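Everything on this sheet refers to the single structure shown next.
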Amino acid sequence: MSTQTHHRACPLCEAICGLLIETDGSEILSIKGDPEDPLSRGHICPKAVALRDIHEDPDRLRQPLQRVHAANGSSEWREISWQEALDTTAQRLVEIARRDGVDTIGIYLGNPTVHNYGMMTHQRNLFRHFRSKNRFSATSVDQLPHHLVALWLFGHKSLLPIPDIDRCDYFLMLGANPLASNGSIWTVPDVRKRIKALQRRGGKLVVIDPRRTETAQLASEHHFINPGSDALFLLALLQTLFAEDLISPAHLAEFVTGLDEVAAAVAGFTPEFAQPHTGIDAATTRRIAREFATAGAGICYGRMGVSTQRHGTLCQWLIQILNIATGNLDRPGGSLFTLPAVDLVGHSNPGGFARHHSRVRQLPEFDRELPVAALAEEITTPGQGQIRALFVGAGNPVLSTPNGRQLDEALTGLEFMVCLDPYLNETTRHADIILPPTSPLEHDHYDLAFHINAIRNTARHSEAVFPRPEGALHDWEIFAELGARVAVLLGEEAEPVLAPDVIIDHGLQSGPYSASQGSVQALSLARLREQPSGIDLGPLQPQLPARLQTTDRRINCATPQVLDELQRLRESCALPDDDRLQLIGRRHLRSNNSWMHNYHRLVKGKPRCTLLMHPQDMQARNISEGTTVTVRSRTAALTATVEASNDIMPGVVSLPHGFGHDRPGARLHTAARHAGVSCNDITDEQQLDLLSGNAAINGVPVTVATA
Ligand SMILES: Nc1nc2c(c(=O)[nH]1)N[C@H]1C(S)=C(S)[C@@H](COP(=O)(O)OP(=O)(O)OC[C@H]3O[C@@H](n4cnc5c(=O)[nH]c(N)nc54)[C@H](O)[C@@H]3O)O[C@H]1N2
Ligand SMILES: Nc1nc2c(c(=O)[nH]1)N[C@H]1C(S)=C(S)[C@@H](COP(=O)(O)OP(=O)(O)OC[C@H]3O[C@@H](n4cnc5c(=O)[nH]c(N)nc54)[C@H](O)[C@@H]3O)O[C@H]1N2
Ligand code: SF4
Ligand SMILES: [Mo]
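The structure is reproduced here in structure tokens:
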């Protein structure tokens, strides 16, 4: 045996755990947590071991596929050479763009893009030739409100305040379940241990969620809240702070403006006003406000549950205003900005909003991307700028975006579709060409995105565990190869191609911990390679106002768009309808959006794609445990099996997303045996966060009846 131990970061979720992978030749012997990793300290979750399953999965594509149509209208897949696949893709895209304009080329990039640094560094090589207005990504079914608020308040889409849990005294968490998700916009491996440490030192975690989640069960306090009503709860907290003179921006006062206007705007939003909407009684809301303001270092944080709902941007804005108004921004134990080794803030474009709008529904762009809820209509609505060709990279929007059935159908009308993806799945089955990249263990890795969101500043580079198989291409190489071909076809200059590690080395050597900046760390790629477990660069430090990217280096809290929205909210606030139920999602530790149901060890056991329902709601509808029910929304209906739960708020039902693996033509053998249903078949592409256009996939009104 010639066993070898490789240091490797887990690319599957935002916790970016350090792994030790033991191999013998091409065989993986074990996958364990790396105790020397300064951030994850040995932590892993059950998904890490599935990296082996991904690598070895016979369903994972190793060669490009082309769909060939038979005379009888049916089609089948044939393996083609890389040369042919790349040439055909480039030709088709150029042909269509030339004929009808670049906006006819649609682009959708999914979540794994940000877990794969080569996709981040090299997508430009292709897309710079197609500056299409029709760009979309998973951002607009996810964290778009965070970026928009960061742009408005701090001047840059990537200036995201990170909860400093290890030093905090009071943590108010809304709409997040880090015990299942392992943290989001908050790289916090081993969050359970960190929550327990917080409680041991006398601190408190308060969770606000329509479900008593795994995190809520660990919390010091949990309160149910009606889906979509968080803005009123947050407004009531803020109103209490103003009314009781608990505002103290402290060290921020010198460069924070506009709090007086905010005070005036929130004056009517009292805890009593919120109570019938949220279901949280006014006295509790007041107590939480007082505790938050006086408990020492405090954090208010909210994630998916408060971003992907009707008031997503308002919620994220209120969360930051609460942190600012209590002096908890940029303070140890509060929420701080990171200083990553490869620092994109200051070197990347800050983002922009509403500089153009979608053609059909006039939805605003953010950072040159349109809300993905508009993708289907941009494909199906005739006229100039109608999407005729689609490039999908690392995305499965048929299962992951609202009203996925509509998109599923829309994709059949495209002239050309190409997917950069290792699987033939619910989305890629519509492609004309599928370009499968190397497996995660066959390329190197640097967390360009997640060091930015981490609770400590660290840096780490991992080498590939296995050499790339003969002829295989990495994601970044596929982008570069396509870009080069398109350049030739268009008669444009090809860009020089530097490998991602060279780009990172550049970033490290000009970054805040470089010798050129006078840092003793003197970071470079060579230096990171000497310490494959990663280098600790210390806890987060206060950096304001210097790090602000606003033109006046101030934080102006009186965001005009938000103040207008508050006015509207006051006038339009309706009480929840008693007959309807509200649908929310949920994540499971052994899942990862739509693409990790093909590995036996992650899907075995009790079926997970069930509709959670409170016994009270079941009784009212004559539904018993295990019944098959029809869940109906404005867009469609689906059937699901009911699981009774006292942990879900009455009036709310929950279905996980990412299932529905029974569509014909997909090649996911294990997932098909645990198919479940896609909750996005009944989410609504018309239900959006009013300010940003983010999809409001939580709080969908539904009816439930025995099927
Ligand atoms: N109802 C509801 N809908 C949701 C959510 C929800 O909570 N509820 N969550 C939303 C969120 S937060 C997100 S981020 C989105 C995710 O939505 P998407 O990003 O569109 O979809 P994923 O399910 O993550 O699919 C990822 C795809 O990338 C492929 N892939 C994996 N690794 C790689 C790689 O290294 N390279 C390439 N080229 N491809 C790769 C997989 O095979 C899969 O096809 O879903 C959103 N949709
Ligand atoms: N195991 C696993 N880990 C993952 C993923 C995965 O699919 N599986 N996906 C990854 C991705 S892409 C992301 S973005 C993150 C997401 O990370 P999180 O946001 O931490 O994860 P969720 O489980 O979606 O948590 C959202 C919570 O919001 C609650 N909620 C729903 N509606 C409302 C509401 O109106 N108000 C309030 N207050 N709460 C509400 C839900 O009950 C749920 O508990 O997880 C990442 N990590
Ligand atoms: S928590 Fe996330 S990063 Fe860590 S092992 Fe699990 S999937 Fe990988
Ligand atoms: Mo996400």
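Take any residue in the sequence shown, count from 1 to its spot, add 23: that is its number in our numbering.
Note that beta-carbon positions come from the ideal geometry of N, C-alpha and C, so glycine has one too.
Computed from a predicted model, the values in this text were never measured in an experiment.
According to DSSP, residues forming a beta bridge with residue i
{"i": "V279", "result": "I578"}
{"i": "P387", "result": "H380"}
{"i": "F194", "result": "L228 and I322"}
{"i": "N615", "result": "S617"}
{"i": "D47", "result": "T26 and E50"}
{"i": "M440", "result": "L413"}
{"i": "P562", "result": "R479"}
{"i": "Y469", "result": "H484"}
{"i": "I456", "result": "Q89 and V441"}
{"i": "L42", "result": "R31 and G56"}
{"i": "G129", "result": "L413"}
{"i": "W100", "result": "R90"}
{"i": "I607", "result": "S677"}
{"i": "R655", "result": "A660 and T726"}
Residue i versus the options, residue with shortest Cα-Cα distance
{"i": "T574", "options": "G506, V723, L174 and I322", "result": "L174"}
{"i": "E400", "options": "L437, D390, L422 and K219", "result": "L437"}
{"i": "Q407", "options": "N157, I54, I558 and V441", "result": "N157"}
{"i": "T461", "options": "P490, T633 and T238", "result": "P490"}
{"i": "D470", "options": "G141, T404, I67 and W100", "result": "G141"}
{"i": "K180", "options": "V368, R690, Q564 and Q332", "result": "V368"}
{"i": "A712", "options": "Q166, T726 and L567", "result": "The question names Ala, but residue 712 is Asp in the sequence shown. The shortest Cα separation from D712 among Q166, T726 and L567 belongs to Q166."}
{"i": "T162", "options": "P184, S155, P135 and G178", "result": "P135"}
{"i": "H334", "options": "N717, C323, E486 and G688", "result": "N717"}
{"i": "H66", "options": "S595, Q639, H78 and A38", "result": "A38"}
{"i": "I344", "options": "V72, H380, G281 and P373", "result": "G281"}
{"i": "C68", "options": "E79, P201 and C580", "result": "P201"}
{"i": "T210", "options": "T662, C40 and N426", "result": "C40"}
{"i": "G674", "options": "I248, L352 and F315", "result": "I248"}
{"i": "G494", "options": "P61, Q86 and D82", "result": "Q86"}
{"i": "V543", "options": "H620, C442 and L560", "result": "L560"}
{"i": "R391", "options": "M672, Q409, S155 and V72", "result": "S155"}
beta-carbon residue i near ligand 4 non-hydrogen atom, thresh 7 angstroms
{"i": "N134", "result": "yes"}
{"i": "A199", "result": "no"}
{"i": "D602", "result": "no"}
{"i": "D165", "result": "yes"}
{"i": "A719", "result": "no"}
{"i": "A694", "result": "no"}
{"i": "A569", "result": "no"}
Residue i CB to nearest heavy atom of ligand 3 below 7 angstroms
{"i": "L261", "result": "no"}
{"i": "C580", "result": "no"}
{"i": "K70", "result": "yes"}
{"i": "P184", "result": "no"}
Same chain only: Cβ atoms within 7 angstroms of residue i, ignoring 5 sequence neighbours per side
{"i": "F292", "result": "L255, L258, A259 and Q262"}
Heavy atom of ligand 2 within 7 angstroms of residue i beta-carbon
{"i": "I607", "result": "yes"}
{"i": "N645", "result": "no"}
{"i": "T138", "result": "The question names Thr, but residue 138 in the sequence shown is His. The answer is no for H138."}
C-beta contact flag for residue i and residue j at 8 angstroms
{"i": "G683", "j": "S423", "result": "no"}
{"i": "C36", "j": "N615", "result": "yes"}
{"i": "V488", "j": "T46", "result": "yes"}
{"i": "S547", "j": "D528", "result": "yes"}
{"i": "H152", "j": "A503", "result": "no"}
{"i": "P34", "j": "H138", "result": "yes"}
{"i": "R75", "j": "A412", "result": "no"}
{"i": "F278", "j": "L567", "result": "yes"}
{"i": "A312", "j": "L264", "result": "yes"}
{"i": "L589", "j": "I578", "result": "no"}
{"i": "L195", "j": "C323", "result": "yes"}
{"i": "L269", "j": "I231", "result": "no"}
Residues of its chain near residue i, where Cβ-Cβ distance is below 6 angstroms and the 5 sequence neighbours each way are ignored
{"i": "L84", "result": "P445 and P459"}
{"i": "S204", "result": "R610"}
{"i": "V665", "result": "L634, M636, I646, T650 and V652"}
{"i": "G319", "result": "D192"}
Proximal residues to residue i (C-beta, below 8 angstroms), its chain only, five neighbours per side dropped
{"i": "T26", "result": "E45, T46, D47 and L52"}
{"i": "K219", "result": "L241"}
Closer than 7 angstroms: residue i CB and nearest ligand 1 heavy atom
{"i": "L398", "result": "no"}
{"i": "G418", "result": "yes"}
{"i": "Y622", "result": "no"}
Chain D contact for residue i (CB, 8 angstroms cutoff)
{"i": "L362", "result": "Of the chains in the structure shown, none is chain D; there is only one protein chain."}
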